[in-house]
Ligand SMILES: [Zn+2]
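Residue numbers (my numbering): 2 to 174.
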């Protein structure tokens, strides 16, 4: 995770709040809402905790290539385990130059590229796109053997429906 400078924090106390604390980013500032009854110690403890939580949430959105490779390794373990290194990519990368496809794979050099358009989609959709490309390392074409591999992932159908819906809206083939 990247280390960013400490943000300006504005603490707002509310008499209506009992125990709940929430935080959100407002431009350069982070606003933390706490119950009015909190002591100074509780306030500083909760500010630290909420800043860490916000950073984790934002870090999760900035998905890295390293995370993508870890995800691929886990998917191979779960669904393509008997293929071992035959299913292992030489590299998996996020790319921004791939607007017509969600992912692509070059079996000759075992590289996989995933479109940045997938980056903000739910985890289970990212997993589908990735598993689809991993399966191409084993079976390059879209034949019955290929779809049988993809179908090992329980949410394949749902993920394809999700992607079709997004494509229809965005007019991506
Ligand atoms: Zn394909």
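Glycine residues also receive a C-beta, built at the ideal position from the N, C-alpha and C atoms.
Predicted, not measured: the structure shown is a model, and the values here were computed from it.
Contacts around residue i, its chain only, beta-carbon distance under 7 Å, and the 5 residues preceding and following it disregarded
{"i": "residue 76", "result": "128, 131, 132, 135"}
{"i": "residue 169", "result": "none"}
{"i": "residue 32", "result": "11, 13, 24, 25"}
{"i": "residue 114", "result": "94, 96, 99, 104, 105"}
{"i": "residue 141", "result": "108"}
Of the residues the options, the one placed nearest residue i, counting alpha carbons only
{"i": "residue 17", "options": "124, 34, 100", "result": "34"}
{"i": "residue 86", "options": "111, 52, 98", "result": "111"}
{"i": "residue 9", "options": "52, 146, 96", "result": "52"}
{"i": "residue 90", "options": "102, 98, 101, 69", "result": "69"}
{"i": "residue 81", "options": "163, 148, 167, 165", "result": "148"}
{"i": "residue 92", "options": "57, 79, 151, 108", "result": "108"}
{"i": "residue 88", "options": "139, 44, 146", "result": "139"}
{"i": "residue 152", "options": "79, 116, 167, 165", "result": "79"}
{"i": "residue 166", "options": "36, 126, 56", "result": "126"}
{"i": "residue 164", "options": "42, 143, 122", "result": "122"}
Ligand 1 heavy atom lying under 8 Å from the CB of residue i
{"i": "residue 134", "result": "yes"}
{"i": "residue 143", "result": "yes"}
{"i": "residue 117", "result": "no"}
Cβ-based neighbour list, residue i, same chain, cut-off 6 Å, excluding 5 preceding and 5 following
{"i": "residue 159", "result": "none"}
{"i": "residue 117", "result": "95, 97"}
{"i": "residue 64", "result": "120"}
{"i": "residue 150", "result": "136"}
Own chain, CB closer than 8 Å to residue i, minus 5 neighbours either side, in chain order
{"i": "residue 30", "result": "8, 9, 10, 11"}
Extent of the continuous alpha helix (DSSP H) to which residue i belongs
{"i": "residue 140", "result": "Unbroken run through residue 140: none, as it is neither H nor E."}
Interface flag, residue i vs chain B, CB-CB below 9 Å
{"i": "residue 89", "result": "Considering every chain present, this structure includes no chain B. It has just one protein chain."}
- [ ] Let me know the beta strand (DSSP E) ranges lying completely inside the region 74 to 124, each 3 residues or longer, listed in chain order.
- [x] 92 to 96, 104 to 107, 112 to 116
TODO: Give, in chain order, every unbroken run of the alpha helix (DSSP H) that is at least 4 residues long and sits entirely within the region 12 to 65.
DONE: 41 to 62
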